[in-house]
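Working notes, structure below.
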Amino acid sequence: MKLHQQRTCIGCRTSTDRNELIRWVLIDNAPPRAVLLDVRASASGRGAWTHENEKCVRQAVQRKAFARAFKAQVDDASVLEQFTAREDRPGASRPSGSHDESGSEI
Ligand SMILES: [Zn+2]
Numbered sequence: 022m023k024l025h026q027q028r029t030c031i032g033c034r035t036s037t038d039r040n041e042l043i044r045w046v047l048i049d050n051a052p053p054r055a056v057l058l059d060v061r062a063s064a065s066g067r068g069a070w071t072h073e074n075e076k077c078v079r080q081a082v083q084r085k086a087f088a089r090a091f092k093a094q095v096d097d098a099s100v101l102e103q104f105t106a107r108e109d110r111p112g113a114s115r116p117s118g119s120h121d122e123s124g125s126e127i
């Protein structure tokens, strides 16, 4: 898929390539429905998009942009938390054991 679709960041309202944005989805089980970070941007259902920076995420929460985007009452209390937790993790490269420390056997 090489379609470059434009999406609007609900934080700063800038329209940009979706590859530069992160996706949020609404969990549709129990109200108030939680907003969840859709890491792979592949979950089905309605999505909302923000830039991958805290300012935009924070702005989206402050403006209640998630509720507006999903046209529903949402629990966005953990949104910033999720975003921060995401940053804490190195993401791509997972430190899998001490690989090069055990290579000094004679
Ligand atoms: Zn933004």
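If you use our numbering, the sequence shown corresponds to residues 22 to 127, in order.
From the three backbone atoms N, C-alpha and C, an ideal C-beta is built for every residue, glycine too.
Note that the structure is predicted; figures quoted are calculated from it, not measured.
| query | result |
| --- | --- |
| Backbone secondary structure at residue 56 - three-state DSSP | strand |
| Nearest to residue 64 (by Cα), restricted to the options 79, 47, 51 | 47 |
| Member of 60, 102, 55 whose CA lies at the smallest distance from the CA of residue 87 | 55 |
| Proximity test, residue 32 beta-carbon vs ligand 1 heavy atom, cut-off 7 Å | yes |
| Beta carbon of residue 44 nearer than 8 Å to that of residue 62 | yes |
| Selected residue, minimal CA-CA separation from residue 96, among 30, 57, 32 | 57 |
| Ligand 1 heavy atom lying under 7 Å from the CB of residue 105 | no |
| Counted within 10 angstroms of its Cβ, other Cβ atoms place residue 114 as buried (16 or more) or exposed | Any answer about residue 114 is weak, because its pLDDT of 47 lies below 50 and its placement is not dependable; what the coordinates show is given next. Classification for residue 114: exposed. |
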